[in-house]
Each structure stands twice: as structure tokens, then as C-alpha cells.
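K.L.:
Residue numbers (this note's numbering): 51 to 234.
Have a look at this one before I ask anything.
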């Protein structure tokens with residue numbers, strides 16, 4: 051074996067020795083990101099979901115429907131709408147709210163929509179067409195992200211344990227053969 055191939059082999063061994071550590075870092079980062087995302091979705095979606103549970107319900111009107119192209123494929127789009135409602139004798143208008151495709155296609159400008167709002171601050175409101183997306187963000191998405199994050203962290207821990215065992219085995223050398231030739 052020439053010097054060049056010996057150097058390449060040594061570099062490959064060094065790379066393979068650290069590969070589990072690199073994998074552990076990647077999986078730990080992905081796991082922590084997924085856990086943060088679960089917490090963030092739960093916190094944001096939970097505030098909106100509380101409007102459905104404890105807000106004041108009234109009727110509103112769909113003002114506008116907006117489609118925004120999001121992807122490179124034909125037909126990929128996000129759907130938004132705005133609504134207005136009356137609370138405490140004042141008219142309140144929503145910002146653009148994202149809704150599911152089915153809800154978007156079922157709505158028409160001028161259509162009546164259910165609205166829930168916070169009586170202390172009518173600017174905080176949610177509507178019936180948003181309910182499915184808010185439920186997903188408040189309840190379903192956090193669970194799924196937490197599960198994925200937990201799995202990624204367990205994989206990262208497994209890679210760390212594996213790397214440590216490999217390092218310990220490499221440092222102590224091969225295990226000795228027991229007396230009697232190692233047979234039964």
C-alpha cells in the first residue's frame with residue numbers, strides 16, 4: 051500500500067469515527083427545533099382557540115377573498131379572506147386570514163360568517179372559516195411536532211451512546227479470548 055492510499059484510509063477512518071457525532075448534532079438540532087415549533091404552535095394557536103371556547107359569538111360578513119400563489123407547481127396557492135362584524139355598536143374589520151381550500155371555495159363576498167371575539171378587545175377575533183386551521187395549529191400540529199422532536203432526540207441519544215461505545219472499544223482494543231478457546 052502506498053503512502054497516498056494509507057493517508058486516504060486514515061482520513062476515512064477519522065471521518066467515520068466522527069460521523070455518529072455529526073449525526074447526533076443534526077438529529078439533536080432537528081429535535082430541538084421540532085420541540086420549539088410544537089411549543090410555539092401551541093402558544094399561538096391556543097390563544098386563537100380560546101376565542102372559540104370563551105369568546106362572544108356574533109354574525110359577520112365576508113368582505114374579500116384572496117388567492118396567493120405559493121409554489122412553483124400549477125394550482126399551489128394559499129387562500130385568505132377578510133371579514134367584518136359589529137361589536138358594541140362599532141364596526142370591526144379583520145386583517146387577511148388564512149383559510150383552508152374547502153372553506154375558501156364555499157365562501158362568497160357578502161356571505162354571512164360566524165365570528166367569535168374578545169369582548170374586552172374586539173380586535174381579537176376569529177371566524178368559522180378559520181376554525182379548522184386554528185384547531186390544527188392549536189391541537190394537532192403541536193402533538194405531531196412534539197412526537198417528531200422526541201424521536202429525533204432519541205435517535206441523537208442513540209448515536210451518542212453508539213459513538214461512545216465505539217470509542218471505548220477502540221481504546222481498549224479487541225476483547226480477549228476466554229480460556230479454553232472460546233467454545234462451548
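The beta carbon of each residue, even a glycine, is placed where N, CA and C say it ideally should be.
Which same chain residues, not among the five before or five after residue 187, have their C-beta less than 6 Å away from its C-beta?
P.N.:
Counting only residues of its own chain and dropping the five nearest sequence neighbours on each side, residue 187 has a CB closer than 6 Å to the CB of 91 and 95.
K.L.:
Enumerate, from N- to C-terminal direction, the unbroken alpha helix (DSSP H) stretches of 4 or more residues contained entirely within the region 108-181.
P.N.:
Along the length of the region 108-181, whole alpha helix (DSSP H) runs at least 4 residues long occupy 151-156, reported in chain order.
K.L.:
Going by CA-CA distance only, name the one from 145, 176, 115 and 119 that's closest to residue 155.
P.N.:
115
K.L.:
Pairing CB atoms from the region 174-193 with CB atoms from the region 77-93, are three or more of them under 8 Å?
P.N.:
Touching, yes, given that three or more Cβ pairs across the two stretches are closer than 8 Å.
K.L.:
Taking residue 151 as the reference, give the member of 199, 180, 56 and 174 with the closest Cα.
P.N.:
180
K.L.:
In angstroms with no decimal places, state the Cα-to-Cα distance between residue 163 and residue 145.
P.N.:
15 Å
K.L.:
Taking buried to mean at least 16 other C-beta atoms within 10 Å of its own C-beta, is residue 56 buried or exposed?
P.N.:
exposed
K.L.:
Among 136, 80, 126 and 101, whose alpha-carbon lies nearest the alpha-carbon of residue 206?
P.N.:
80
K.L.:
For the alpha helix (DSSP H) holding residue 95, just list the boundary residues, first then last.
P.N.:
53-104
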